[in-house]
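Numbering (the working numbering), first residue to last: 7 to 75.
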(Lines of atoms letter the chains of each structure in order from A and count residues from 1; the text may use other names and numbers.)
(Lines give C-alpha, C1' and ligand atoms only; values in the text may rest on other atoms or scores of the structure.)
Protein backbone atom coordinates (compact mmCIF):
# COMPACT_ATOMS: atom_id res chain seq x y z
CA UNK A 1 0.00 0.00 0.00
CA UNK A 2 1.46 3.34 -1.00
CA UNK A 3 1.41 6.52 1.05
CA UNK A 4 -1.08 9.01 -0.51
CA UNK A 5 1.12 11.92 0.61
CA UNK A 6 3.96 10.68 -1.59
CA UNK A 7 1.97 10.31 -4.83
CA UNK A 8 3.68 12.68 -7.28
CA UNK A 9 0.77 12.60 -9.75
CA UNK A 10 -2.10 12.88 -7.22
CA UNK A 11 -4.22 15.96 -6.63
CA UNK A 12 -3.77 17.76 -3.32
CA UNK A 13 -5.12 20.59 -1.21
CA UNK A 14 -3.21 23.00 0.99
CA UNK A 15 -4.74 23.28 4.44
CA UNK A 16 -4.08 25.71 7.29
CA UNK A 17 -5.09 25.45 10.95
CA UNK A 18 -5.87 28.07 13.61
CA UNK A 19 -2.17 28.23 14.51
CA UNK A 20 -1.22 29.19 10.95
CA UNK A 21 0.42 25.82 10.28
CA UNK A 22 0.11 24.45 6.74
CA UNK A 23 -0.41 20.93 5.48
CA UNK A 24 -0.34 19.23 2.11
CA UNK A 25 -3.45 17.03 1.99
CA UNK A 26 -4.61 14.44 -0.57
CA UNK A 27 -7.78 15.70 -2.30
CA UNK A 28 -9.36 12.25 -2.01
CA UNK A 29 -9.26 12.50 1.81
CA UNK A 30 -11.79 14.45 3.89
CA UNK A 31 -10.50 17.72 5.34
CA UNK A 32 -9.97 17.16 9.09
CA UNK A 33 -11.80 19.27 11.65
CA UNK A 34 -9.98 22.47 12.53
CA UNK A 35 -8.36 22.87 9.09
CA UNK A 36 -9.35 25.19 6.24
CA UNK A 37 -8.58 24.83 2.55
CA UNK A 38 -6.25 27.53 1.18
CA UNK A 39 -5.51 25.94 -2.21
CA UNK A 40 -7.94 23.41 -3.65
CA UNK A 41 -7.28 20.47 -5.95
CA UNK A 42 -3.89 21.25 -7.42
CA UNK A 43 -0.82 19.24 -8.35
CA UNK A 44 1.69 18.28 -5.67
CA UNK A 45 4.41 20.63 -6.94
CA UNK A 46 2.02 23.60 -7.05
CA UNK A 47 0.85 22.87 -3.50
CA UNK A 48 4.42 22.53 -2.19
CA UNK A 49 5.33 25.86 -3.84
CA UNK A 50 2.27 27.50 -2.27
CA UNK A 51 3.26 26.27 1.19
CA UNK A 52 6.87 27.41 0.73
CA UNK A 53 5.69 30.87 -0.36
CA UNK A 54 3.06 31.40 2.35
CA UNK A 55 4.37 29.56 5.43
CA UNK A 56 7.39 31.72 6.16
CA UNK A 57 7.27 31.53 9.97
CA UNK A 58 7.25 27.93 11.17
CA UNK A 59 6.28 28.87 14.72
CA UNK A 60 2.68 28.26 15.76
CA UNK A 61 0.76 31.56 15.75
CA UNK A 62 0.30 31.53 19.56
CA UNK A 63 4.06 31.16 20.10
CA UNK A 64 4.93 33.86 17.56
CA UNK A 65 2.47 36.27 19.17
CA UNK A 66 3.89 35.64 22.66
CA UNK A 67 7.41 36.45 21.39
CA UNK A 68 6.20 39.57 19.58
CA UNK A 69 4.63 41.04 22.73
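All C-beta atoms in this analysis are idealised placements derived from N, C-alpha and C, irrespective of residue type, glycine included.
Report yes if the CB atom of residue 40 is closer than 9 Å to the CB atom of residue 63, and no otherwise. no
Mark residue 11 as exposed unless 16 or more other C-beta atoms lie within 10 angstroms of its C-beta, in which case mark it buried. Flag for residue 11 reads exposed.
For a test of the three-state rule: what should DSSP assign to residue 8, helix, strand or coil? Coil, per DSSP.
Could you check the C-alpha separation between residue 46 and residue 72 for me, to the nearest Å? 31 Å
With 16 other Cβ atoms within 10 Å as the buried cut-off, status of residue 43: Per the 10 Å Cβ criterion, exposed.
Going by C-alpha to C-alpha distance, which of 69, 24, 19 sits closest to residue 36? 19
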